[in-house]
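Asker: Residues 1376 to 1780 in this note's numbering are what the sequence shown spells out, letter by letter.
We put the beta carbon where it would ideally sit given N, CA and C, even for glycine.
In this text, all values refer to a predicted model and were calculated from it rather than measured experimentally.
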Amino acid sequence: MTKYFVASVIPFSQTTAKELLNIYGSPLYVYQLDRLLETIDLITNSIPYPQTKFQFASVTNGNVALLKVFKNKGWGIHANTPGDIHLALAAGFMPDRIVYSGSNLDRVEMRQMLTWGIDAINLDSLSQLETLIDVYSRDEYPKPKLGLRLNFPPLTGASRIGVHPDEFDRANEIARRAGLTIAGLHFYRGTGTNATQAFVDAIETILSLAARLRDLAYLDFGGGFGYPYHHEKVAFDWGEFGRILSDKLARCDRPIALTIEPGRAAIAGSAVLLARVVATKWQGEKQMIGVDTTVANLSVPSVHGGYREIISWQNSDELFTTDVCGNTTYSRDYLGRNCQLPRLNIDDIIAIQDVGAYGYAMSSHFLHRPRPAEVLLAKDSHRLIRGREDYRVLLNNQIFEEDRS
Ligand SMILES: Cc1ncc(COP(=O)(O)O)c(C=O)c1O
1376 MTKYFVASVI PFSQTTAKEL LNIYGSPLYV YQLDRLLETI DLITNSIPYP QTKFQFASVT
1436 NGNVALLKVF KNKGWGIHAN TPGDIHLALA AGFMPDRIVY SGSNLDRVEM RQMLTWGIDA
1496 INLDSLSQLE TLIDVYSRDE YPKPKLGLRL NFPPLTGASR IGVHPDEFDR ANEIARRAGL
1556 TIAGLHFYRG TGTNATQAFV DAIETILSLA ARLRDLAYLD FGGGFGYPYH HEKVAFDWGE
1616 FGRILSDKLA RCDRPIALTI EPGRAAIAGS AVLLARVVAT KWQGEKQMIG VDTTVANLSV
1676 PSVHGGYREI ISWQNSDELF TTDVCGNTTY SRDYLGRNCQ LPRLNIDDII AIQDVGAYGY
1736 AMSSHFLHRP RPAEVLLAKD SHRLIRGRED YRVLLNNQIF EEDRS
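(1) Buried or exposed: which applies to E1749, given that a residue is buried once 16 or more other Cβ atoms fall within 10 Å of its Cβ?
(2) State the beta-bridge partners of A1495 as determined by DSSP.
(3) Helix, strand or coil: how does DSSP classify Y1406 here?
(4) What does a CB cutoff of less than 8 Å around F1431 pick up in its chain, not counting 5 residues either side in sequence?
(5) Indicate, with yes or no, if ligand 1 has a heavy atom lying under 6 Å from the CB of S1476.
(6) Report buried or exposed for F1775, applying the criterion of at least 16 other Cβ atoms within 10 angstroms of its Cβ.
(7) Cα separation between G1601 and D1778?
(8) So within the segment 1515 to 1542, which uninterrupted beta strand (DSSP E) runs reach at least 3 residues, ignoring any that extend past its ends?
(9) If you drop the 5 nearest sequence neighbours on each side, which residues of the same chain put their C-beta closer than 8 Å to that of V1768?
(10) What number of angstroms, rounded off, separates the C-alpha of Q1426 from the C-alpha of D1494?
(11) Measure the alpha-carbon distance for E1607 versus T1490 and round it to whole angstroms.
(12) Under DSSP, the beta strand (DSSP E) around N1713 begins and ends at which residues?
(13) Leaving out five residues on either side along the sequence, give the residues of the same chain with a beta carbon under 6 Å from the beta carbon of P1470.
(14) Specify, as a first and last residue, the run of the alpha helix (DSSP H) that Q1503 falls within.
(15) Heavy atom of ligand 1 less than 6 Å from the Cβ of T1531, yes or no?
(16) Taking the runs of the alpha helix (DSSP H) that are 4 residues or longer, which of them lie wholly in the segment 1596 to 1664?
(17) Going by DSSP in three states, G1680 sits in which element: helix, strand or coil?
(18) Between K1393 and the rest of its own chain, which residues show a CB-CB distance below 6 Å, the 5 nearest in sequence each way excluded?
(19) With a threshold of 6 Å, establish whether the CB of Y1563 neighbours any heavy atom of ligand 1.
(20) Kindly indicate which three-state DSSP category T1668 falls into: helix, strand or coil?
(21) May I ask you to list the residues that DSSP assigns as paired with S1687?
(22) Using only alpha-carbon positions, find the residue among T1419, T1414 and G1731 that is nearest to A1646.
(23) If we call anything under 7 Å between Cβ atoms a contact, is R1683 one with Q1728?
(24) Which whole-angstrom value describes the C-beta separation of L1588 and I1549, a residue pair presumed to lie in contact below a C-beta threshold of 8 Å?
Listed below in C-alpha cells is the structure:
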C-alpha cells in the first residue's frame, strides 16, 4: 500500500511561524515546498503505466510560482476554464502540456482555445462539440485533439457534466464533418473520494464504454481523487489505484494513452493558513477565539462544508472545545467549530491545515477584507509568492461620479 503523505500535526516550528508572520504579516498562506514535492512524487510514482501524463488541476490553486513547481516535475496543466490556460501559459507551460476539460464556452473562448493550440479539448456536450466544429471550420487552426466528458449515471451520478455513451456515434459524425475524430474519453469521479475501490470498480466500465469510440487514443481520469482532511481517516490509496489501472490498460487491445488530473490530492496538504488570535471569550464551557482572518480568505470549510484541522503551538495537556471565529460578524464566519485546542491568548498563532487546494483560489472580497499574502517555505528559505492586498483592491474598477464629468 502506498501511504498517502498526510500533514503531520505540527507543520513547522512556532519560531518559524512567528518569523513568517513578522516578515509577511498575518493572515498568511504558507506553502511547504518539500511537502508539495513529496506529494507530486508519490502520485507520479504510483502509476507504472508507461504512457501516463499528469495534469495538475489548477482550478484548485492558480499561483504561478506553484504551477512552476508542477512544471519542473514534468506535469502539465488541466484547465477548467480559459483563465486556467492563461495562468498556465504565464507559468511557462507550452500549449501542448495543457489539457482543457471544461464546460460551456462561448464562441470567442472556443476561438481562443483553438488558437492557443493546446494538447486536448474534452467537451461536455454535443452542443459544445457542434459549436467548436463550426468555429474550427471557419478559420485556420492547429488540428485539435478532441475528447468527450463522460456522463453515465451509474458511474458519474446525476452530474450536469458530460455526454452519454448513447450520443457517442452522433459525436463521431459531428467531428468527422470537419475531418476530426473523437480521440478521448474523460471521466470525473465526483469530488474528493477517498474510497479507492469506488475508482477501481469504475475502470472496467469506463474501458468498455471507451471502446465504443472507434478512434479512441486516450483516457483521462479527471480529478475527484480524495485527500484525507480528517488525518486519522481513510486516505485514497494511489498505489492500489495505479497498479490496477496500469494492469487493466496494459491488457487493452489497442494502445491507450492515460491522463491523470489530480487537483486537491496534489496540493491540499502542502499549505497552512496562519492567523493570530485577536480576541478570546468563553461561552459556558466553550472557548471562543477571534482570529485576524475570515471565511472570505478561506471559504471552503464553513461556507461550502468540509473540515480543516486547526492547530496551535501552545503546550498544554488540557484541551477545550473551541470555536475559531473570523473577524467579521457574518453568521457563518467560523474557521473551525468544536475544535480541541488549548487555552489561547491574544497574539497566539493558529494554523489552519490542508488549505493548499480551493483555499486562496476560492477566497473573495466578500466582507471587504483584502486577501492574505502567500509564501513558499523551503528547507532553509522562504519567499513571497503573492503580495498581500490592501484596501485599494476594494476600489478596483469602481467608477466614481466625478470620473464621469
Ligand atoms: C475535469 C476536472 N479535473 C480535475 C478537477 C480537480 O478536482 P479535484 O480537486 O476534486 O481533484 C476538476 C475540478 O473541478 C475538474 O473539473
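Answerer: To lay it out plainly:
(1) The sequence position of residue 1749 within the sequence shown is 374, counting from 1. By the neighbour-count rule (16 or more Cβ atoms within 10 Å), E1749 is buried.
(2) Here residue 1495 corresponds to residue number 120 of the sequence shown, with the count starting at 1. Residue pairing by DSSP places A1495 opposite V1474 in a beta bridge.
(3) As a position in the sequence shown, residue 1406 is number 31, starting the count at 1. Three-state result, Y1406: strand.
(4) On the sequence shown, position 56 is the one that residue 1431 refers to. Once the five neighbours on either side are set aside, the close Cβ partners of F1431 are L1442, F1445, W1450, G1451, I1452, H1453, E1636, P1637, G1638, A1641 and I1642.
(5) Reading the sequence shown from its first residue, position 101 is the one you call residue 1476. Because some heavy atom of ligand 1 lies under 6 Å away, the Cβ of S1476 counts as near it: yes.
(6) Here residue 1775 corresponds to residue number 400 of the sequence shown, with the count starting at 1. F1775 is exposed by the Cβ-count criterion.
(7) As a position in the sequence shown, residue 1601 is number 226, starting the count at 1. As a position in the sequence shown, residue 1778 is number 403, starting the count at 1. Going from the Cα of G1601 to the Cα of D1778 covers about 49 Å.
(8) Those beta strand (DSSP E) runs which fall completely within the segment 1515 to 1542 and span 3+ residues are 1521 to 1524.
(9) Translated into positions along the sequence shown, residue 1768 becomes position 393. In the same chain as V1768, and ignoring 5 residues on each side of it, the C-beta atoms closer than 8 Å to its own belong to H1740, P1745 and R1746, in chain order.
(10) Mapped onto the sequence shown, residue 1426 falls at position 51. Mapped onto the sequence shown, residue 1494 falls at position 119. Answer to the nearest angstrom: the Cα atoms are 15 Å apart.
(11) The sequence position of residue 1607 within the sequence shown is 232, counting from 1. The sequence position of residue 1490 within the sequence shown is 115, counting from 1. Cα-Cα distance, rounded: 47 Å.
(12) On the sequence shown, position 338 is the one that residue 1713 refers to. Following the DSSP letters along the chain, one finds N1713 inside the beta strand (DSSP E) bounded by residues Y1709 to L1716.
(13) On the sequence shown, residue 1470 is found 95 positions in, with the first residue counted as 1. Excluding residues within five positions, the ones whose Cβ falls inside 6 Å are W1491, G1492 and I1493.
(14) Position 128 of the sequence shown holds residue 1503. Annotation for Q1503: the continuous alpha helix (DSSP H) segment containing it runs L1501 to S1512.
(15) By one-based count along the sequence shown, residue 1531 stands at place 156. False, no ligand heavy atom lies under 6 Å from that Cβ.
(16) Fully enclosed alpha helix (DSSP H) runs of 4 or longer: 1613 to 1625 and 1639 to 1642.
(17) Residue mapping note: residue 1680 aligns to position 305 of the sequence shown, counting from 1. G1680: coil per DSSP, three-state reduction.
(18) Reading the sequence shown from its first residue, position 18 is the one you call residue 1393. If we look at K1393 and ignore the five residues flanking it on each side, it has no Cβ neighbours.
(19) Translated into the one-based positions of the sequence shown, residue 1563 becomes position 188. Indeed, a heavy atom of ligand 1 lies less than 6 Å from the Cβ.
(20) Reading the sequence shown from its first residue, position 293 is the one you call residue 1668. T1668: coil per DSSP, three-state reduction.
(21) What you label residue 1687 is simply residue 312 of the sequence shown in a count that begins at 1. For S1687, which the question treats as bridged, DSSP gives the partners I1725.
(22) Translated into positions along the sequence shown, residue 1646 becomes position 271. With respect to the C-alpha of A1646, the residue from T1419, T1414 and G1731 having the closest C-alpha is G1731.
(23) Counted from its first residue, the sequence shown places residue 1683 at position 308. Counted from its first residue, the sequence shown places residue 1728 at position 353. Here R1683 is near Q1728, since their CB atoms are less than 7 Å apart.
(24) Here residue 1588 refers to the residue found at position 213 when the sequence shown is read from its first residue. Here residue 1549 refers to the residue found at position 174 when the sequence shown is read from its first residue. In fact, because the Cβ distance is near 13 Å, the residues do not count as touching under 8 Å.
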